[in-house]
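Using the UniProt record's numbering, read the sequence shown as starting at 1 and increasing by one per residue.
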Amino acid sequence: MQQDNKYKSLELEKPGVYELEGLEVGVTSNCNFRCSYCCAYERNDGNSISAGEVIRIIDEIPTLRRVRLSGGEVTLKYEDCEAIIAHCSAKGIATQLNTNASLLSRERIHSLQEAGLTNIHISFNFTDRDRFAAYYGIHPLVYDKIVENIRLCVEYKLETVLETLLFAETQHNMTAISERVYELGVRIHEIQNSIVMDHRGWNAIASREALVRSVEELIANRKPDTELYFTCMDRFADKLGFRDQPGVYFSHCVDGKKQLHLHGNGDILICELCHPVVIGNVYEGTSLNRIYQNRPKALEAFLKELPCPAYEALFPAGS
């Protein structure tokens, strides 16, 4: 385990006692991309939350160990992100910025490093500009800008994580993607398993066979100085014969158990990706500091049943 990565450490511990140690903040719902697989809650509804408000909320939660800033595209509110990161850094709270990296620059990346950002987390699903442009319907030069910014993140020694979604579009190209990640100088590659998202109408998930093949190939071809994090697979890793080993981690899901999502309108969700159920609102009296003690009904039901769309997609009832 990479001992000095404070942000990832929470995922490498099996959740025991339920308390709020991680908070994901949807700083803005707006985005300059239109990803079909994006599960951004109420995307582009115009809601956002200021740095001052986020800092106030953070200071009310003494158990926090990490804060993830996401969107939409979070860097549309770059100055707020920088202020939140600096505040968390001063309090010893690890931070991660989830971004498509298209709006970064040398100056912004340097400022993030100076503010004390723990991880910068960038989506990376394609090995070349043409496939990227064809899938997203975006100009190929945007891909070049993203690649440039990834290299700058490495240059400024930001802990850079490139995340690839394992789904129908990428399942036959995972090894090449991982090799491209390495060529860019990044040594942490996160693989996010795809899930059925009924609320988004998205169902381009990888088959069980493709998932097993991809995971096995990625592990077999892993460079000694690269770490692989496989997410949304912990519930069935043993069943498919997957095991943690040096440099390979099947991260524990902390959503709903140790981490919640805060939307710009104040809504609190169990998990924006897998279980986007609203369990309260910080502007309507819900206390994030006491939410696990007070247990809203939907959260109580989730913790009792622990539903997992990743498991359900690969292992339908009775299979």
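Cβ atoms here follow ideal geometry from the backbone N, Cα and C, with glycine treated the same way.
From a predicted model like this one, the values you see are computed outputs, not experimental measurements.
For residue i, count neighbouring C-beta atoms within 10 Å of its own C-beta (all shown protein chains included) and say buried if the count is 16 or more, exposed if not.
i	result
Met1	Unreliable placement is indicated for Met1, whose pLDDT of 38 sits below 50; no coordinate value is reported for it.
Asp238	exposed
Lys258	buried
Ala310	buried
Gly256	buried
His139	exposed
Gln245	exposed
residue 354	What the structure shows of the chain is the stretch from 1 to 319, and residue 354 is not part of that stretch, so it cannot be assessed.
Asp225	exposed
Glu82	buried
Glu159	buried
Since residue i is in the beta strand (DSSP E), which residue starts that stretch and which ends it?
i	result
Gln96	Ala94 to Thr99
Asn119	Asn119 to Ser123
Cys271	Asp267 to Cys271
Ser70	Arg66 to Ser70
residue 321	Given that the chain is displayed from residue 1 to residue 319, the structure contains no residue 321 and the question cannot be resolved.
Leu23	Gly22 to Gly26
Whose C-alpha, out of the options, is nearest the C-alpha of residue i?
i	options	result
Glu284	His263, Phe167, Asp267 and Pro276	Asp267
Ile55	Ser70, Lys91 and Val74	Lys91
Leu218	Leu303, His110 and Gln171	Gln171
Arg187	His275, Arg34 and His121	His121
Ala94	Cys35, Asn119, Glu312 and Ala220	Asn119
Cys308	His263, Leu273 and His87	Leu273
Ser9	Arg208, Phe167, Glu114 and Ser251	Ser251
Gly46	Gln293, Ile291 and His263	His263
Tell me where the alpha helix (DSSP H) around residue i begins and ends.
i	result
Pro276	Where Pro276 is concerned, there is no enclosing alpha helix (DSSP H), although the beta strand (DSSP E) it sits in stretches over His275 to Asn281.
Lys77	Run containing Lys77: none; DSSP gives neither H nor E here.
Asp130	Arg129 to Tyr136
Glu107	Arg106 to Ala115
Arg56	Ala51 to Asp59
Under a CB-based cut-off of 9 Å, is residue i close to chain D?
i	result
Glu190	Of the protein chains in the structure, only one exists, and it is not chain D.
Open item on the list: Check whether the segment 163 to 178 and the segment 116 to 125 touch, using three or more Cβ-Cβ pairs below 8 Å as the test.
Closed with: yes
TODO: Specify whether the segment 70 to 82 and the segment 19 to 39 touch according to this definition: at least 3 beta carbon pairs, one from each stretch, less than 8 Å apart.
DONE: Short answer: they touch.
- [ ] Decide yes or no for the touch test of the segment 6 to 14 against the segment 50 to 64: beta carbon pairs closer than 8 Å, at least 3 of them.
- [x] At 8 Å Cβ cutoff, the stretches do not touch.
Task: 3-residue-minimum beta strand (DSSP E) runs that sit fully inside the segment 226 to 259, ordered along the chain - done: Taking only runs of at least 3 residues, the beta strand (DSSP E) segments lying wholly in the segment 226 to 259 are 227 to 231 and 248 to 250.
Task: Inside the segment 153 to 189 only - alpha helix (DSSP H) runs reaching at least 4 residues - done: The segment 153 to 189 contains these whole alpha helix (DSSP H) runs: 174 to 183.
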